[in-house]
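Position in the sequence shown (first residue = 1) + 301 = our numbering.
By construction, the Cβ of each residue, glycine as well, lies at the ideal position given by its N, Cα and C atoms.
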Amino acid sequence: MQDSPYIIFIAFGCIWVLMGSAAVIALLKSNNQEVRFGKWGLIVALPIVVPFILALLYQVLRPFILPHLI
Numbered sequence: 302m303q304d305s306p307y308i309i310f311i312a313f314g315c316i317w318v319l320m321g322s323a324a325v326i327a328l329l330k331s332n333n334q335e336v337r338f339g340k341w342g343l344i345v346a347l348p349i350v351v352p353f354i355l356a357l358l359y360q361v362l363r364p365f366i367l368p369h370l371i
């Protein structure tokens, strides 16, 4: 149960990311613009998304890896 604050924090973080993404898509769609990601969009998005995913994977896999390291 000591990880429950962390789980709540991550859940709210994910909700905020989803709401932000939906807001950007809604903003683009309101001007009848096509939602697309080019080369420069990926160059900007990957350094933001990849460390976030790696940090979450580390926290999920840490309980399984830690007993083997001790």
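Limits of the unbroken alpha helix (DSSP H) element including residue i
| i | result |
| --- | --- |
| residue 334 | Careful: residue 334 lies outside any alpha helix (DSSP H) and carries neither H nor E. |
| residue 371 | Where residue 371 is concerned, there is no enclosing alpha helix (DSSP H), given that its DSSP letter is neither H nor E. |
Nearest neighbour of residue i, chosen from the options [CA to CA]
| i | options | result |
| --- | --- | --- |
| residue 354 | 303, 306 and 311 | 311 |
| residue 334 | 303, 340 and 325 | 325 |
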